[in-house]
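Numbering (mature numbering (1 follows the signal peptide of the UniProt record, and there is no 0)), first residue to last: -24 to -1, 1 to 168.
Laid out in structure tokens, this is it:
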């Protein structure tokens, strides 16, 4: 009798787990259709919060992304090239600015936003490996500067990571991991 109950319970749990996975699958085609083209423009294509970022951090806090092929988002064509991806909240909506040479070239809405898993950066970002001499010099330099120099009060930028995936035939998914948040953007590889 106990074997029968355990077997039935195991089958029931496995069916429930499969149903949860089926419901968890995201339909990016509908998210793409629901996403709205931004209805605002920036003055001189300059990010209004750019100066605050560069005052707070020692260097550019946003990831550089190389797009190897042209992608399309509704009426916007994003050609291949190097872009700095900058997540922003404008008019209570999440957007990612594609910057080139300090100017905002394209404003793409975020279709989905999630939290980054706790160990994601530790597992995916490479850590520098130092020799014994390099680590000694690095530790000595850090201790020397903290004792004898005033700190500039600039903090290190948040960790970031970018992933691209080909989904549903002619659609691309770009996932920007920035700090504690994960931003999803959906593009098409064909204009029509």
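All C-beta atoms, glycine included, are put in the ideal place defined by N, C-alpha and C.
Residues near residue i in its chain [Cβ-Cβ closer than 8 Å; skip 5 each side]
i, result
"residue 92", "153, 155, 156, 157, 158"
"residue 101", "135, 137"
"residue 24", "18"
Sequence-distant residues of the same chain with beta carbon closer than 7 Å to residue i, five excluded per side
i, result
"residue 15", "none"
"residue 82", "52, 54, 74"
"residue -2", "Unreliable positioning characterises residue -2 in this predicted model, as indicated by a pLDDT of 42, which lies under 50. The coordinate reading is nonetheless provided below. Cβ neighbours of residue -2 beyond the five flanking positions: none."
"residue -4", "Any reading at residue -4 is ruled out, since the residue's pLDDT is 44, under 50, leaving its predicted position unreliable."
Reference residue i, options the options, closest by Cα
i, options, result
"residue 77", "89, 103, 112, 36", "36"
"residue 141", "132, 164, 119, 84", "164"
"residue 70", "101, 130, 100, 13", "13"
"residue 56", "21, 41, 90", "41"
"residue 131", "29, 23, 22, 103", "29"
"residue 31", "119, 133, 117", "133"
8 Å contact criterion, which residue i and residue j should meet: CB distance rounded
i, j, result
"residue 161", "residue 60", "About 14 Å; that fails the 8 Å criterion."
"residue 148", "residue 47", "6 Å"
"residue 38", "residue 2", "The Cβ separation is near 25 Å, so there is no contact."
"residue 144", "residue 5", "6 Å"
"residue 27", "residue 80", "That belief does not hold up - the Cβ atoms of residue 27 and residue 80 are roughly 14 Å apart, past 8 Å."
"residue 114", "residue 106", "6 Å"
Cut-off 6 Å between Cβ atoms - residues of its own chain near residue i, not counting five sequence neighbours on either side
i, result
"residue 11", "85, 87"
"residue -8", "Residue placement at residue -8 is poorly supported in this model, since its pLDDT is 48, which falls under 50; the coordinates still yield a value, given next. Answer for residue -8: no residue qualifies."
"residue 112", "none"
Check: residue i C-beta below 8 Å from any heavy atom of the ligand ATP
i, result
"residue 14", "What this structure holds is no ligand at all, so the ligand ATP is not there to describe."
Does the structure place the region 127 to 141 close enough to the region 64 to 75 that three or more beta carbon pairs sit under 8 Å?
Flag = no, the region 64 to 75 and the region 127 to 141 do not touch.
At 4 residues or longer, what runs of the alpha helix (DSSP H) sit wholly inside the region 5 to 67?
26 to 32
Ranges of the beta strand (DSSP E) found wholly within the region 86 to 115, counting only runs of at least 3:
88 to 91
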